[in-house]
Amino acid sequence: MKLKQLQIIRIKKKPTGAQHKKYRSNHTKSTGMSAVWKEFCIRQLEQRLRAERENIHLKKSCEREMEVVKGLRKLLYRHPSQRDIMYLGENTRTRRIDIPTGSLKQMAAMIFDELSTGVENSYRIAEVVIEINSPVPTHKVTQKPLLRDAMNGMRMEVFDHHILPFDMRATGDAWWKHWHNYRGQSCEAGNVVAESFGLEFTDVMANTTATFYVQQILHRHVEDHRTVIVWNAYIEPFMFENERVSGVYFLEQSHVIIKPDDQYSSSEGAVPTRMSTCEIISPHFLDPKLKEDPKITALTDFVASSLSSNIMMRNEKIEDMLLDQSLRQRR
């Protein structure tokens with residue numbers, strides 16, 4: 392249904408009658424904007440086909456797992472013998488311990504101070520990081536986020552350049568709204584977010600999960616010609632592949648620039664928006680020997696790949712929000 396509505400939107404944008412001659416004279420620009428809409432529609436279609444395939448796969452997996460659950464239920468809900476009950480009661484011990492919250496709060500405050508300094512620097516260098524340091528020209532579009540190992544595993548960079556057939560302000564607002572939806576919060580009036588939270592990464596295909604403690608600070612800068620969003624994060628892993636992890640933490644520096652892209656502008660004056668992202672993750676080791684630990688190397692790769700997945704998911708959600716908003720305005 393949305394694809395048909397998209398076609399209606401595109402038809403309304405086409406000139407007719409007396410405008411035809413003017414349209415032909417500006418054919419190059421119109422073609423550019425049409426190309427943006429074409430790519431947008433292709434992404435929407437691929438996203439829906441992918442979701443349908445995933446639903447079929449999940450349905451089959453669910454059916455198989457339900458058979459396993461039925462078998463386990465018979466075992467779990469059998470009547471235990473008195474011998475089993477005595478064994479559990481006599482040999483299992485559970486206790487609670489006090490955590491020195493004062494020292495944790497002091498450490499968290501120190502981390503936030505460092506992040507606050509770092510995020511200010513990230514804003515100053517955002518354009519250099521995204522537009523000069525990018526492995527592909529910024530006028531190009533990346534089909535998927537590009538992962539680059541900049542320092543032999545010590546600095547992993549993820550780049551993404553995305554074009555959307557919507558104006559800069561609407562795109563920036565959609566990004567901000569999605570971020571708060573992801574946090575489970577309503578949009579805040581200010582442009583600064585400081586937070587700490589637990590985080591779980593799961594690779595469904597590899598059946599791998601990692602859990603982390605995260606502190607991060609995000610700043611949004613809404614300017615006349617662009618919107619810049621930067622955040623710095625401290626990420627400490629707790630568990631990876633069902634094993635405790637210690638002696639390593641990650642620092643993330645992320646930059647997003649949202650601005651008009653005139654090269655795809657149309658003869659009617661519509662200008663699409665370029666949304667460019669660079670996220671950098673760096674591992675830090677309390678013991679230098681951990682640099683050679685295969686498990687830590689696998690964890691670093693896992694974190695870097697998760698950044699790529701997050702960017703792709705964020706792009707899809709923002710596209711959906713902008714499309715729904717555009718369709719509502721035309722009803």
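Everything in the sequence shown is counted per the working numbering, starting at 392 for the first residue and increasing by one.
Beta carbons are placed, not taken as given, at the ideal position from N, Cα and C, and that holds for glycine.
Exercise. For my contact list, residue 601 and residue 630 are in at a C-beta cut-off of 8 Å; report their separation, rounded to the angstrom.
Key: 6 Å
Quiz item: Rounded to whole angstroms, how far is the Cβ of residue 435 from the Cβ of residue 710, which I believe are closer than 8 Å?
Solution: 7 Å
Self-check item: the stretch 636–650 touching the stretch 677–697, judged by at least three CB pairs closer than 8 Å
Solution: yes
Quiz item: Using 8 Å as the Cβ pair cut-off and three pairs as the minimum, do the stretch 532–545 and the stretch 568–585 touch?
Solution: no
Quiz item: Considering only the beta carbon of each residue, do residue 508 and residue 559 sit closer than 8 Å?
Solution: no
Exercise. Can you grab the Cα-Cα spacing for the pair residue 500 / residue 519, in whole Å?
Key: 30 Å
Practice problem: Evaluate residue 628 with the Cβ neighbour count: other Cβ atoms within 10 Å of its Cβ, from every protein chain shown; 16 or more gives buried, anything less gives exposed. | Solution: buried
Practice problem: Identify whether residue 690 lies in helix, strand or coil by the three-state DSSP scheme. | Solution: helix
Exercise. Whole angstroms is fine: what's the gap from residue 649's alpha carbon to residue 521's?
Key: 11 Å
Quiz item: residue 503 and residue 585 look like a contact to me (Cβ under 8 Å); what is the Cβ gap, rounded to whole Å?
Solution: 6 Å
Quiz item: Can you tell me the Cα-Cα spacing of residue 702 and residue 566, whole angstroms?
Solution: 11 Å
Practice problem: Under 7 Å Cβ to Cβ from residue 530, same chain only, skipping five residues before and after it: list those, please. | Solution: 654
Quiz prompt | Under 8 Å between C-beta atoms of residue 673 and residue 515 | solution = no
Quiz item: What is the DSSP secondary structure of residue 425, counted as helix, strand or coil?
Solution: helix
Exercise. Kindly indicate which three-state DSSP category residue 571 falls into: helix, strand or coil?
Key: helix
Practice problem: Note down the Cα distance separating residue 603 from residue 590, rounded to an integer number of angstroms. | Solution: 5 Å
Quiz item: Thinking C-alpha only, which one of 610, 562, 605 is nearest residue 580?
Solution: 610
Self-check item: Burial state of residue 652, where buried means 16 or more other Cβ atoms lie within 10 Å
Solution: buried
Practice problem: Can you have a look at residue 424 and say buried or exposed, based on whether 16 or more other CB atoms are within 10 angstroms of its CB? | Solution: buried
Practice problem: Would you kindly check if the distance between the Cβ of residue 621 and the Cβ of residue 645 is under 8 Å? | Solution: yes
Quiz item: If residue 592 and residue 697 are in contact, beta carbons under 8 Å, what's the gap, nearest whole angstrom?
Solution: 5 Å
Quiz prompt | Candidates 433, 430, 671, of which the one nearest residue 538 by Cα | solution = 671
Practice problem: Please go through the same chain and pick out, in chain order, the residues whose beta-carbon is closer than 6 Å to the beta-carbon of residue 472, but skip the five residues on each side of it. | Solution: A caution first: residue 472 carries a pLDDT of 38, below 50, which makes its placement in the model too unreliable to give a value.
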